[in-house]
Amino acid sequence: MSEPGVALVLAGAVTQGAFAVGALSYLAEKKEGPICRIVATSSGALSAAVIAAGVATGRLREATAVAKDLWLDHGAWQDVVHLSPGDLLHVRGASDTSKLVALVLQGLRQVVEGAGDGARQQVKLTIVTTRLTGDRDPAEPLPTYEEPAVFETADLVDPERWAEIAAAAAASATFPGVFAPTMFRGAPHVDGGAVNNAPISYVLDDPSVARVIVITSESSTLDDTKQFGGIRLFGRVTEIAINERIAHDLAVAKKTNARLARVREALAGSGATPDTTAAVLHALGWRDLQLVVVYPDRPLPGTSFSGFFDRAVREQYVDAGVRAARAALG
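In this text, residue positions in the sequence shown follow numbering that gives the first Met the number 0: the first is 0, and each later residue adds one.
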């Protein structure tokens, strides 16, 4: 990229992932950019694959429209769940993710095939999944379970790569219990939100990024409900597990920015030259970075699963995303 770009970080929230599509549709109209990185997990990964194809082909507005239609017209329970008797029998989950894969493939096809052979924009898509078997670095004592799948412009516009992109997105959205683990790159995977629901860290050390826009359906308003039970309890625990990492990573990023300012002041006070200051900051891996968080000003209606059963609820999520993006981005 000839100029520092924008990174989008899309968190997951099961059906509340429709909130991100609303935010992205406003962002596309505002022509925020250039977008050089997209990182996503869980239900955010389903939208991210389609949006990244739109960035790669210069059709971001068209891509947001496609993603919005997929959420509204095909986000119902029967559209995403493909009952799997074998998985039920072995208590792996109620469904496989074949319908999720098909929806992502449909979105990629609509966006890319409508673009023709025009100019391409460079963008990197990172989809975070949870590998159940883990991965072991010989230099480290313990295994890790967070696995990023990285795709670039050449992958996004190549029909032969779409199956792997769709499989990665579906693996990242494999909510345990609802879906059986998804086989991806020879290993079983589940929801990326289990390990990292707001993978901000993937863009903090990228020198091509100057601005990070994090889109999350987590509200800044606390839930004052005193009693939880049944589906409400299950939904609330799910939301907490999904969103707690976001608050943590945002706090770390803001502390890094504050630490950067203090280091600059100390170096200036010691008489360090601009070149020395730049060298020190480069060695530390720090730089000025603008963080923008798009989130609803009040809790979204229902639970993370409510949208499966009501299109009107999904429409409310999309509308809330538009309002939140307008408030955050101006």
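Where is the CB? At the ideal position from N, CA and C, for every residue including glycine.
Asked: Per DSSP, cross-strand counterpart(s) of residue 175; Found: 178
Asked: Status (buried if at least 16 other CB within 10 Å, exposed otherwise) for residue 56; Found: buried
Asked: Contained alpha helix (DSSP H) runs [length at least 4] in the stretch 36-87, N- to C-terminal order; Found: 42-55, 59-73 and 76-79
Asked: Helix, strand or coil at residue 94 [DSSP, three-state]; Found: strand
Asked: Secondary structure of residue 187, DSSP reduced to three states; Found: strand
Asked: CA nearest to the CA of residue 312, picked from 325, 298 and 324; Found: 298
Asked: Close beta carbons around residue 152, own chain, < 6 Å, minus the five adjacent residues each side; Found: 55, 119, 121 and 122
Asked: Close Cβ partners of residue 128 (< 7 Å) along its chain, the five nearest in sequence each way excluded; Found: 146, 148, 167, 170, 171, 183, 188 and 191
Asked: Segments of 4+ residues assigned as alpha helix (DSSP H) that fall wholly inside the stretch 114-180; Found: 152-155 and 161-171
Asked: Three-way DSSP call (helix, strand, coil) for residue 12 in this model; Found: coil
Asked: Status (buried if at least 16 other CB within 10 Å, exposed otherwise) for residue 62; Found: buried
Asked: Separation of residue 324 from residue 9, as counted between CA atoms; Found: 13 Å
Asked: Classification of residue 117 by the beta-carbon crowding that lies within 10 angstroms, buried from 16 upward; Found: exposed
Asked: Stretch pair the stretch 288-295 + the stretch 208-215: three plus CB contacts closer than 8 Å; Found: yes
Asked: Alpha carbon of residue 193 to alpha carbon of residue 203, nearest angstrom; Found: 21 Å
Asked: Cβ distance (whole Å) where residue 196 is taken to contact residue 41 below 8 Å; Found: 6 Å
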